[in-house]
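A.B. asks:
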Amino acid sequence: MPMNTQGRPTRMADNIATGGYAETTSGSKGLDQAEALIYERGTVEQTGVDLPEPSGRATRLGGLERQSELDMPGLSEPETMRHYVRLSRKNYAIDLGLYPLGSCTMKHNPRLNEKMARLPGFADVHPMQPAATVQGAYQVIGELAHWLMTLTGMPGVAMSPKAGAHGEFCGMMAIRAKLDADGQTHRRRVLVPESAHGTNPATAVQCGFTVDEIPADETGRVDMEAFKAKLGDDVAGIMLTNPNTCGLFERDIREIADLIHESGGYFYCDGANFNAIVGRVRPGDLGVDAMHINLHKTFSTPHGGGGPGSGPTVLSDALADFAPVPYVVQRGDDWELVEHEADAQGDPFGRMAAFHGQMGMFTRALTYMMSHGSDGLRQVAEDAVLNANYIQARLKHVMTPAFDGVCMHEALFDDRFLKDTGVTTLDFAKAMIDEGYHPMTMYFPLVVHGAMLIEPTETESKGGLDRFIETLEALALAANAGQTERFQAAPIHAPTKRLDETRAARQPVLRWTASNEPEMEAAE
Amino acid sequence: MRYLPHTDTDRAAMLDAIGVASIDDLFTDVPEAARLDGLIDLPEKQGELQVERAMAAMAGRNVSASSVPFFVGAGAYKHHIPSTVDHLIQRSEFLTAYTPYQPEISQGTLQTLFEFQTQVAQLTGMDVANASMYDGSTACAEAVMMAARVTRRMKAVMSGSVHPHYVEASKTLAKYSDVEIEVTSPELSSVDNVLAAIDEGTACVVVQTPDVFGNLHDLRRISDAAHAAGALVIAVFTEAVSLGLVEAPGAMGADIAVGEGQSIGVGLNFGGPYVGLFACKDDRRFIRQMPGRLAGETVDADGRRGFVLTLSTREQHIRRDKATSNICTNSGLCALAWTVHMTLLGEKGLKQLARINHETACALADALAAIDGVDVLNSSFFNEFAVRLPKNADDVVNQLAKVGVLGGVPASRLYPGQFEDILLVTATETNTADDIAIFAKALGGLI
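Chains as they are written, first to last, in this note's numbering: chain A, 1 to 524; chain B, 1001 to 1447.
1. Residues of the region 1292 to 1306 of chain B in Cβ contact with chain A at a cutoff of 8 Å, in chain order, please.
2. Write down every uninterrupted run of the beta strand (DSSP E) in the region 45 to 90 of chain A whose length is 3 residues or greater and which is fully enclosed by it, in chain order.
3. Rank A342/A, D50/A, D212/A by C-alpha distance to the C-alpha of G237/A and give the top, closest one.
4. Are at least three pairs of beta-carbons, each pair with one atom in the region 196 to 209 of chain A and one in the region 231 to 249 of chain A, less than 8 Å apart?
5. Below 8 Å, how does it come out for the region 1352 to 1367 of chain B and the region 1144 to 1161 of chain B: are there three or more Cβ pairs, yes or no?
6. Return helix, strand or coil for G1276/B, following the three-state DSSP convention.
7. Which class does P155/A belong to by DSSP, given the choice of helix, strand or coil?
8. Count the other CB atoms, across all protein chains shown, that sit within 10 Å of the CB of K1078/B; report buried if there are 16 or more and exposed otherwise.
9. Can you check which of these residues, A411/A, R467/A, A479/A, is closest to A451/A by C-alpha distance?
10. Hey, out of A1147/B, D1016/B, E1347/B, whose CA is closest to R1285/B's CA?
11. Strictly below 7 Å CB to CB, what residues from chain A border D1435/B?
12. CA-CA distance, Q1122/B and R1152/B?
13. In the DSSP output, what is C170/A paired with across the bridge?
14. Do V1266/B and A1235/B have their C-beta atoms closer together than 8 Å?
15. Which of helix, strand or coil does DSSP assign to L1249/B?
16. For the region 272 to 285 of chain A against the region 1245 to 1256 of chain B, do three or more pairs of beta-carbon atoms, one drawn from each stretch, fall closer than 8 Å, so that the two count as touching?
17. With three or more beta-carbon pairs closer than 8 Å as the criterion, would you say the region 40 to 53 of chain A touches the region 1049 to 1067 of chain B?
18. I want to verify the contact list: residues of chain B whose CB lies under 7 Å from the CB of N389/A, in sequence order.
19. If you scan the region 392 to 459 of chain A from start to end, which runs of the beta strand (DSSP E) of 3 or more residues do you find wholly inside it?
20. Quick one: Cα of S1067/B to Cα of E250/A, how far?
21. Please identify the residue among G306/A, P130/A, A290/A whose C-alpha is closest to the C-alpha of G153/A.
22. Strictly under 8 Å for the Cβ-Cβ distance: is F299/A near chain B by that measure?
23. Buried or exposed for Q1117/B, please, with buried defined as at least 16 other CB atoms from any protein chain shown within 10 angstroms of its CB.
24. Quick one: what does DSSP say A1442/B is sitting in, helix, strand or coil?
25. Do L1309/B and G304/A have their beta-carbon atoms positioned less than 8 Å apart in this structure?
26. Pull up the distance between the alpha-carbon of A22/A and that of T1099/B, whole angstroms please.
27. Under the three-state reduction of DSSP, which class applies to M370/A: helix, strand or coil?
28. Suppose contacts are defined by Cβ-Cβ distances below 8 Å. Is M1154/B in contact with A1203/B by that definition?
29. Would you say Q488/A faces chain B, with C-beta separation under 8 Å as the test?
30. Thinking A165/A and T219/A are a contact (beta carbons under 8 Å), I'd like their distance in whole angstroms, please.
31. Run through the region 476 to 518 of chain A for me and flag every whole beta strand (DSSP E) of 3 or more residues, listed as ranges in chain order.
32. Given A1012/B, which residues of its chain have a CB within under 8 Å of its CB, disregarding the five upstream and five downstream residues?
33. Taking 8 Å as the CB-CB limit, is M520/A close to chain B?
34. Tell me the rounded alpha-carbon separation between T425/A and V205/A.
35. From this set, V1183/B, A1143/B, P1069/B, which residue's C-alpha is nearest N1430/B's C-alpha?
36. Reducing DSSP to helix, strand and coil, say where F1237/B ends up.
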């Protein structure tokens, strides 16, 4: 078997001798097709598009015609189709099965959303067309803004953030701008629960704040005594997720909001878990000053293998003045875009990105909202919470819920039920893969040991949940019955076995190169 | 409701298994004053037919680019996307897949990202690229912050002919950091005014080529000056197809190349979602400070090649308040669309496409220059250039729209109060000779 100097096999087809996945000559197994890189398939002479011949007229490139090589292969259309269809079959997906990922809200992605987003009047319009030619586009933004403000009970919204973390940045920038405008420039400390998603502290730092962590109490909620002790006149605010990342509603949220406000700070709410309360609770009624909403979570826009997302951020009266440009306003029957700070009513903290926001996600989310209506959305939250509690109730005799009592839309377990089995949370998760399930969120939130956070969402049927529960029950029993090898070897049924992530970080190979050698050494 | 599988029987059985009487018993932690008993004041649920009608009515109020002669650019470009692309990105396994954190069941996503990263690096003439940013403007902003981290200097010099949205996004990201951004004044032909601003405190020089006015710039002189002072060069582009014909940033001394990938695979979409391209040199300092996700090659327990997300210690979910960026979700499906389109093109198709774009723009330039009173200002361009009109360009654009021509973007829309007689126009492979003739005639009629 040819290997490089690191002892790594250099071609898939030569792994035949290992006796692993590639037990066949071709490396494929039935419907599961082995598929190499385009660089190993195509050539630079091939192309899968038919374009007219250039006329060969003189260029006006100022002597800057490209001299450097591209070395990019092409593939014909049939080969392209096969390449990506084969690769697609190596992916788990919502359309295939349940993703019990806590705080990701992996609900069904309705296909009507896709159809509406592709209407030429939405897909084939340029953001810089004159306003008279894009009134319907501005209207979509305005309608969606209205739904978001009404659902959250907030008077303002910034539509331009391009993802949840970008929305966090928007909200925290508004808070920083407000504080500075009021001369409160000594307020640079932001309180963040230990259970917070990593984007929260990362965002706070981007806005020039320092992060002060608040521990959780024994119920998994903000430790109120610790929180109160951290209040002070240098506090800019708090970043809270509600329901929190343990899947629990912060009972003391009104008191937290009041205390933060009284001490001169502002309340940022991470809206990742809005699916638990949409239609039943309005964050504006809880004292929130800014909250981002993940359209790709609560409002079903597809995850697409890692985006695109959209993170519109609702704002209180105190902060709405500082909302970024651009935004749409309605004057009579016409919509206008305010895109320059000088033309804005308030005092925008700036522009966050080019153009006007993730329009493709707006059309999908608005389609989803209109389909559900206020009654359907309320049912969404109820079924989401029902489903998570059903899982918790039916598994608590074999797995260990991290906290007592009911949960909201996600159920948190820890690894106490695996104690002394030799099976870790990671092993348990990999065994789930063999059972045909994407693992739940692992090792998050950090406040619980070996965390397993399960969020089924409302689009799981009872039958589907029952099958999932029965599988986890069997796995938990198997772990405790000493079947350690099964877990440690898992997965064995996936397209690959466990992948060496340590090696990937130590010897990063971040692209294909002709030499097939590792691209760069990483000294540690 | 069609997306909610439970029947009332299901719900009753589940409540029973949980041991509560009603769903309200699961919401008892909500403060009473905040509990909503009734429905929020919004329309109630609707079937597909009604929703389609409502959305189509809004879509119908917009003039789509394909329906009229169309010459709008200024950071987003109309190109033809092969039908294979949209078909593939709608496959369930790509559309409804999550971020590839469980690599064993995400090799589809991870391998396509690895290929994407390679293509982006090749296109830009750089060594390494990430798995995408939100868009070109935020990629530019993140590049500025990365340069500050790498050089440990706090001054960034941005050319005034970088797309103003990119400048503004960069200023916003840097606003409450120690990084100061100096923007030189935008000039219609040269970017050399950045040279005077480079000194020993400069972290980076940011220059766009083709710039916002469409001019092409040789970055080598600026690179030499920047590197002599210990500063990094960040090259920006908004039209990715240009790199099929124009010299790559990596060949002109760029340390980081960032830009908008929308031209390839993604479509206009009224401004988003797009796909930010981010590439840099193969330097350990750079790789460790790069924002965004990275797909890397490795092996599995059987020695078989596979791909994983790697170098995650840069990222927010591991490093939290010490992360290189707060970015989490990026632009995965748009990156897939990009890489599918690029694979269909191959370098042969890309070069041909780029050449057709340039030739069409040359034909447009000739047609417009032939109009009395209209001057084409660029001595060099790829597919976008600036014309000077004898009238206010914003008025002209609105009047052109009334006669059914989308004739470019007034420069004053990007630079309020400046360049009021300058119009930015773009031609791509989607423009026919008829389109150009109609535009020229309409414009001539208005002057």
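We put the beta carbon where it would ideally sit given N, CA and C, even for glycine.
C.D. replies: Put simply:
1. R1293, L1294, A1295, G1296, E1297, T1298, V1299, D1300, A1301, D1302, G1303, R1304, R1305, G1306
2. none
3. D212/A
4. yes
5. no
6. strand
7. coil
8. buried
9. A411/A
10. A1147/B
11. None at all; the shortest Cβ gap to chain A is about 15 Å.
12. 28 Å
13. Answer by DSSP bridge pairing: none, since C170/A is not bridged.
14. no
15. For the record, residue 1249/B in the displayed sequence is Pro; it is not Leu. Residue state, collapsed to three classes: helix.
16. no
17. no
18. I1018, L1026
19. 411 to 414, 452 to 454
20. 52 Å
21. A290/A
22. no
23. buried
24. helix
25. no
26. Note that A22/A scores a pLDDT of 49, beneath 50, so its modelled location is shaky; the value from the coordinates is reported in the next line. Approximately 26 Å, taken between the alpha carbons.
27. helix
28. yes
29. no
30. At roughly 28 Å, the Cβ-Cβ gap does not stay under 8 Å, so A165/A and T219/A are not in contact.
31. none
32. none
33. Residue placement at M520/A is poorly supported in this model, since its pLDDT is 39, which falls under 50; the coordinates still yield a value, given next. With 8 Å as the cut-off, M520/A counts as an interface residue toward chain B.
34. 31 Å
35. Just to set this straight, residue 1430/B is Thr in the shown sequence, not Asn. Nearest option by C-alpha distance: P1069/B.
36. strand
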